[in-house]
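What follows is one structure encoded as structure tokens, with my remarks underneath.
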Amino acid sequence: MEKICVGIDADGYLYSQGAPDAAQVCSYVLTDSAAVELYPFNLTAEEGTQISLAILGVWAAAWGCRVIAKMVHSLGD
307 MEKICVGIDA DGYLYSQGAP DAAQVCSYVL TDSAAVELYP FNLTAEEGTQ ISLAILGVWA
367 AAWGCRVIAK MVHSLGD
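The working numbering applies: residue 307 is where the sequence shown begins, and numbers increase by one.
Have a look at this one:
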């Protein structure tokens, strides 16, 4: 993963400050696309939809179990 330390000059253009090290303070750090792909939540819209539907399914199942448990408990009284 390559990082490049850059700054912005008075005209608004980026200029390279070299490779960042631990002691250097950078205005901005640019990374290559491989570093961005390592982010676990880099999802497409379809993948996000699938995950949200799975979560809703679990909530619905839990709600259904709760309703059934209340019915069974009320029948026992």
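Where is the CB? At the ideal position from N, CA and C, for every residue including glycine.
None of these values were measured; they are calculated from a predicted model.
Three-state class that DSSP yields for residue i in the structure shown
{"i": "T355", "result": "helix"}
{"i": "L320", "result": "strand"}
{"i": "V331", "result": "coil"}
{"i": "L349", "result": "coil"}
Under 7 Å between C-beta atoms of residue i and residue j
{"i": "I310", "j": "L336", "result": "yes"}
{"i": "S322", "j": "V331", "result": "no"}
Identified DSSP bridge partners for residue i
{"i": "L336", "result": "I310"}
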